[in-house]
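Residue numbers (our numbering), protein chains in the order written: chain A, 1 to 274; chain P, 275 to 537. Glycine included, C-beta positions come from ideal geometry on N, C-alpha and C.
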Amino acid sequence: MTRTTLSVRNTPRRILFLYRRLFGQQLKAILEYSSDFYVMIGAAALTQIVGFLFLWVVFSRIPVIQGWGFWEVAFMYAMIYFSEGVGSLFFEGTWRMLRLVNMGELDRYLVRPMPIVLQIFCTGIGMNGIGNIAIGGAIIGMSLYHVDIDWSVTSVLAALVVLASALAVRIGINLAANCSAFWIRTSGNAFPIMVHNMGEFAKYPITIYSLGLQLFLALGVPFAFVSFVPAAVLFGKEDWAAYGWLSPLAAAYVFGIALLLLRIGLRRYESSGN
Amino acid sequence: MKKYVSLAVCSMQNTLSYRLSFVLNFLGSFIALLATYFLWRAIYDGQSELAGFDWNQMKSYLLVTFFANSMLSYYSESGITNKVMDGTVAMDLLKPLNFQKARLAESLGSCVLEGLLSALLISVLAIAAFGIPMPVDGVSGILFAISMLSSILVKFGIVYCTALICFYTTSGFGVIWARMAVTNLLSGALVPFAFFPDWLRNVAMALPFQGIVNTPTTIFLGMSDTREAILLIAVQWFWIAALWLLGRSMWGWAVRQITIHGG
Chain A
1 MTRTTLSVRN TPRRILFLYR RLFGQQLKAI LEYSSDFYVM IGAAALTQIV GFLFLWVVFS
61 RIPVIQGWGF WEVAFMYAMI YFSEGVGSLF FEGTWRMLRL VNMGELDRYL VRPMPIVLQI
121 FCTGIGMNGI GNIAIGGAII GMSLYHVDID WSVTSVLAAL VVLASALAVR IGINLAANCS
181 AFWIRTSGNA FPIMVHNMGE FAKYPITIYS LGLQLFLALG VPFAFVSFVP AAVLFGKEDW
241 AAYGWLSPLA AAYVFGIALL LLRIGLRRYE SSGN
Chain P
275 MKKYVSLAVC SMQNTLSYRL SFVLNFLGSF IALLATYFLW RAIYDGQSEL AGFDWNQMKS
335 YLLVTFFANS MLSYYSESGI TNKVMDGTVA MDLLKPLNFQ KARLAESLGS CVLEGLLSAL
395 LISVLAIAAF GIPMPVDGVS GILFAISMLS SILVKFGIVY CTALICFYTT SGFGVIWARM
455 AVTNLLSGAL VPFAFFPDWL RNVAMALPFQ GIVNTPTTIF LGMSDTREAI LLIAVQWFWI
515 AALWLLGRSM WGWAVRQITI HGG
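What follows is the structure in structure tokens.
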């Protein structure tokens, strides 16, 4: 599908403005069904707390697993949920792609003078994200407090870069996985959910896995950059901290693949036939 | 009876026709199993036993838990909730079938496939990495089989009652999700009860969830003698009956809700 060039230019400022407007509209819609999202927020928080209890029970038996202490693993665990929360709250639309494609709703997006990715991102809001962000944020905060970290200007900057990349990697993975909607024509998004479940691996230090799995988590679906690498950088694990430099690259790599898949997918897209 | 059997067969065929989603869902929970396997392997590195479990017992525990959990998976659970959420429950009211028994028949129907698929995967894993787990002797083997089947019924009781809560809330997914979290912890699916602090173990033992994972695994690993095992199965059946009655009265209440809203 070719797009005609219009006189509007998508400057970062315009994109931010559009995002705010689109997000605001979705927010109004979702606030109409409040009991729904209270249940979702509660369920998300509960899931995470239960998993945290699991870690706590395990670590009450042995203090260190392959050189990683309780709070260090808790940080990785919480990063998986925190990033999931950011993905659901601000970029939930990726999970609605199946609907957009199957119902032909993408048509509407293709004719608007806005980047299609932006419109996909703003197709919904996952209120459960609030539960994930709150509990995940709390656990991350506690682990940063409990682990002795050597804070300095460079370490704060490094932390920010690595954390921002972690979120970008996570959202890129969501987008790429959900592009399966163009190929797999089923009614449920089982494939992206399966990819999402691979995040389970990254709740724990990836050094516990076999080499093949480690490579997969670093290069294939790079969940390692969501939790493990940020932990290594923040907690100054010498063997792994250097991989922090690759974090922005990993984010670029995932987004590149996601946008490529979207582009190929759009070429396959058959709009609704009316 | 015949009509419920055909419902079960129908649900089995339905699962087969959506096999791609079914298998992908299944692989998703398989990933979680792999992650916990590697975590426990790292934990047992240099430890001969923890909370009375050695590494081999823990591996068997993981496999039996996976098997118990794959029964009545999210896939069949959401089927019940969706009926309430999208209103097709109204159609079921018109049918000359008991709603609760019909849902049980459907769940058991897809359980047959879930059981087969997970048994297949478990055998592959057992041969490849875990080592083949065997019940300690013949008697506990038979008791294990009984407790495994009872476990499905306990789970159905919990799932059914939770699904009926959706008459109240407008969120189907959220309710299922919360139920999963609670069940995971209190059934012993995340970690054996032996690892729990005493108070949490006591709470868990007093609730129905333990019948789903704790009972079959305890019997499988021979951690209870025959008398205790029979007692554990009796407790499962107490909960099966109690949850069935609870489900029935909840349904009676829920149906009145519909009538009111229907005008």
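Residues that residue i bridges to, as DSSP identifies them
i, result
"I65(A)", "W68(A)"
"L324(P)", "F327(P)"
Check whether residue i and residue j have beta carbons under 8 angstroms apart
i, j, result
"L495(P)", "Y311(P)", "no"
"A250(A)", "F228(A)", "no"
"L371(P)", "A282(P)", "no"
"F121(A)", "G104(A)", "no"
"S143(A)", "A78(A)", "yes"
"I140(A)", "L89(A)", "no"
"G126(A)", "F82(A)", "no"
"F91(A)", "N174(A)", "yes"
"A503(P)", "I514(P)", "no"
"V153(A)", "S247(A)", "no"
"I206(A)", "L217(A)", "yes"
"V50(A)", "L506(P)", "no"
"G87(A)", "Q26(A)", "no"
"Q321(P)", "S421(P)", "no"
"L118(A)", "I257(A)", "no"
"A309(P)", "F201(A)", "yes"
"P115(A)", "N197(A)", "no"
"E380(P)", "M345(P)", "no"
"A181(A)", "L261(A)", "no"
Cβ-based burial, residue i [other Cβ within 10 Å; buried from 16]
i, result
"M365(P)", "exposed"
"P63(A)", "exposed"
"N330(P)", "exposed"
"S285(P)", "buried"
"L46(A)", "buried"
"G24(A)", "exposed"
"I171(A)", "buried"
Residue i: CB within 7 angstroms of a non-hydrogen atom of the ligand PLP
i, result
"W525(P)", "With respect to the ligand PLP, the structure offers nothing, as it holds no ligand at all."
Close-in-space but distant-in-sequence residues of the same chain around residue i (CB under 6 angstroms, 5 per side omitted)
i, result
"Y38(A)", "none"
"G521(P)", "Q374, Y434, C435"
"A232(A)", "W240, A241"
"I317(P)", "none"
"M40(A)", "M127, N128"
"A325(P)", "A468, F469"
"V363(P)", "K357"
"L234(A)", "A159"
"V297(P)", "none"
"R13(A)", "none"
Span separating the alpha-carbon of residue i from that of residue j
i, j, result
"Q48(A)", "T355(P)", "23 angstroms"
"W314(P)", "V465(P)", "10 angstroms"
"A74(A)", "V338(P)", "27 angstroms"
"T500(P)", "T491(P)", "14 angstroms"
"A159(A)", "F467(P)", "38 angstroms"
"M549(P)", "E84(A)", "Because chain P is modelled from 275 through 537, residue 549(P) falls outside the range shown and cannot be assessed."
"A190(A)", "F17(A)", "33 angstroms"
"W151(A)", "P230(A)", "15 angstroms"
"F300(P)", "L391(P)", "9 angstroms"
"W95(A)", "N178(A)", "6 angstroms"
"S347(P)", "L517(P)", "19 angstroms"
"G537(P)", "W527(P)", "Low confidence applies to G537(P): its pLDDT is 41, below 50, so where it sits in the model is not reliable, and the reading given next is rough at best. Their backbone Cα atoms lie some 16 angstroms apart in a straight line."
"D36(A)", "A29(A)", "12 angstroms"
"L98(A)", "D328(P)", "45 angstroms"
"S384(P)", "S295(P)", "13 angstroms"
"Y19(A)", "L53(A)", "37 angstroms"
"E195(A)", "G302(P)", "The question names Glu, but residue 195(A) is Val in the sequence shown. Approximately 8 angstroms, taken between the alpha carbons."
"Q484(P)", "S291(P)", "33 angstroms"
"V413(P)", "N288(P)", "36 angstroms"
"L399(P)", "R293(P)", "21 angstroms"
"A376(P)", "V386(P)", "16 angstroms"
"I406(P)", "L395(P)", "12 angstroms"
Neighbourhood of residue i by C-beta distance below 8 angstroms, restricted to the same chain and skipping five residues each side
i, result
"A43(A)", "N128, G131"
"W71(A)", "M142, S143, H146, V147"
"W183(A)", "G265, R268"
"C440(P)", "T355, V358, M359, G446, V449"
"L55(A)", "F70, V73, A74, Y77"
"P222(A)", "V169, I173, A250, Y253, V254"
"T489(P)", "S421, S424, S425, L506, I507, V509, Q510"
Closer than 7 angstroms at the beta carbon, the chain B residues around residue i
i, result
"N197(A)", "Reference to chain B is not applicable here, since the protein chains of this structure are A and P."
Contacting residues, own chain, Cβ-Cβ under 7 angstroms from residue i (five flanking each side not counted)
i, result
"I486(P)", "A342, S425, V428, K429, T457, S461"
"F512(P)", "none"
"I80(A)", "G199, A202, K203, V226, S227"
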